[in-house]
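In my numbering, the protein residues as written are 504 to 711.
Backbone N, C-alpha and C fix where the C-beta goes; we use that ideal spot for every residue, glycine too.
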Amino acid sequence: ILSKVYSTLKPATGKPTTFMDISLSNLRPLRIIILGEVGQPGAYSVSPSTSLSSSLYYFRGPTTMGSLRDIRLLRKNKLIGSIDFYDYLLSGKTPNDLRLQLDDVVFIPPRGKTVMISGEINRPAIYELKEGEMLTDLIKIAGNLRVTTYMDRAQIDRIVAPELRDELGMDRKLVDINLGEIMKSGDDYPIQDGDRVNLFSILKTLLK
Numbered sequence: 504i505l506s507k508v509y510s511t512l513k514p515a516t517g518k519p520t521t522f523m524d525i526s527l528s529n530l531r532p533l534r535i536i537i538l539g540e541v542g543q544p545g546a547y548s549v550s551p552s553t554s555l556s557s558s559l560y561y562f563r564g565p566t567t568m569g570s571l572r573d574i575r576l577l578r579k580n581k582l583i584g585s586i587d588f589y590d591y592l593l594s595g596k597t598p599n600d601l602r603l604q605l606d607d608v609v610f611i612p613p614r615g616k617t618v619m620i621s622g623e624i625n626r627p628a629i630y631e632l633k634e635g636e637m638l639t640d641l642i643k644i645a646g647n648l649r650v651t652t653y654m655d656r657a658q659i660d661r662i663v664a665p666e667l668r669d670e671l672g673m674d675r676k677l678v679d680i681n682l683g684e685i686m687k688s689g690d691d692y693p694i695q696d697g698d699r700v701n702l703f704s705i706l707k708t709l710l711k
């Protein structure tokens with residue numbers, strides 16, 4: 504369009520003698536609303552280039568009671584999408600990341616099923632699992648097994664559901680599983696909220 508006014512920008516013949524350089528100054532910040540399991544819910548001013556994943560840095564992410572697996576973006580009372588922040592933590596990638604707009608709402612729901620894994624695993628810690636994720640999913644999230652993992656036995660310290668405690672006469676129980684058979688057969692083992700999975704070392708087994 505400007506070439507119609509300044510013919511020397513794009514002359515029909517010869518080289519252009521007029522050049523144009525455009526730069527953008529500071530853009531107006533966006534106001535977004537943060538709700539759910541966060542330390543300080545409310546309105547925040549963020550950069551116009553902020554995405555759903557990078558917005559977490561403005562409010563320091565969810566509290567320990569908040570989910571990292573289902574961070575939701577609401578726009579005009581409609582769910583636009585959500586991201587699983589574990590994808591970023593484990594791979595450095597944020598698939599399906601979403602750009603924020605004015606007055607968007609970032610909502611952090613309560614944390615889902617939470618389990619602990621310890622022993623012969625590369626990243627022993629407490630993890631949040633999505634619905635349908637099982638033992639092998641937990642092992643992958645925790646960085647996979649160490650070479651010294653004893654495969655014939657693993658142990659799960661499980662809290663008994665309140666409605667079953669009187670019937671079983673216990674509040675918790677220990678469940679032994681054959682880790683090798685599960686890994687080979689592909690017949691996965693379900694994990695419950697509050698489970699503590701302990702993987703043993705083959706080195707300690709050999710010493711006995």
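- In this structure Asp655 is exposed. Its beta-carbon is surrounded by fewer than 16 other beta-carbon atoms within 10 angstroms.
- Every alpha helix (DSSP H) of 4 residues or more that sits fully in the segment 615-656 is shown, in chain order, as 638-644.
- Across the set Glu623, Ser548 and Leu603, the C-alpha of Glu623 shows the shortest separation from the C-alpha of Lys707.
- Each of Ser557, Lys616, Ile536 and Pro544 was checked against the Cα of Arg572, and the nearest Cα belongs to Lys616.
- In this structure, Leu605 sits away from Leu667, with a CB-CB distance that is not shorter than 7 angstroms.
- In this structure, Gly646 places its C-beta atom within 7 angstroms of the C-beta atom of Asn625.
- Going by DSSP, Phe588 is part of no beta strand (DSSP E) but of the alpha helix (DSSP H) stretching over Phe588 to Ser594.
- Rounded to whole angstroms, Ile680 and Met568 show a C-alpha spacing of 30 angstroms.
- Here the C-alpha atom of Gly672 lies approximately 27 angstroms from the C-alpha atom of Ser621.
- The alpha-carbon separation between Glu670 and Leu559 amounts to approximately 44 angstroms.
- Between Ile685 and Leu638, the alpha-carbon positions lie close to 9 angstroms from each other.
- Looking at the DSSP output, Ile694 sits in no beta bridge, so it has no partner there.
- Ranking Pro612, Leu593 and Pro598 by CA distance to the CA of Leu577 puts Pro612 first.
- Here DSSP, grouped into helix, strand and coil, assigns Leu582 to strand.
- Distance from the Cα of Pro551 is smallest, within the candidate group Tyr561, Gln543 and Lys518, for Tyr561.
- By the CB criterion at 7 angstroms, Leu538 and Ile586 fall outside the cutoff.
- For Arg668, the secondary structure class from DSSP, reduced to helix, strand or coil, is helix.
- Across the set Phe610, Gly584 and Leu593, the C-alpha of Gly584 shows the shortest separation from the C-alpha of Leu601.
- With contacts defined by Cβ atoms closer than 7 angstroms, Val549 and Ile536 do not form a contacting pair.
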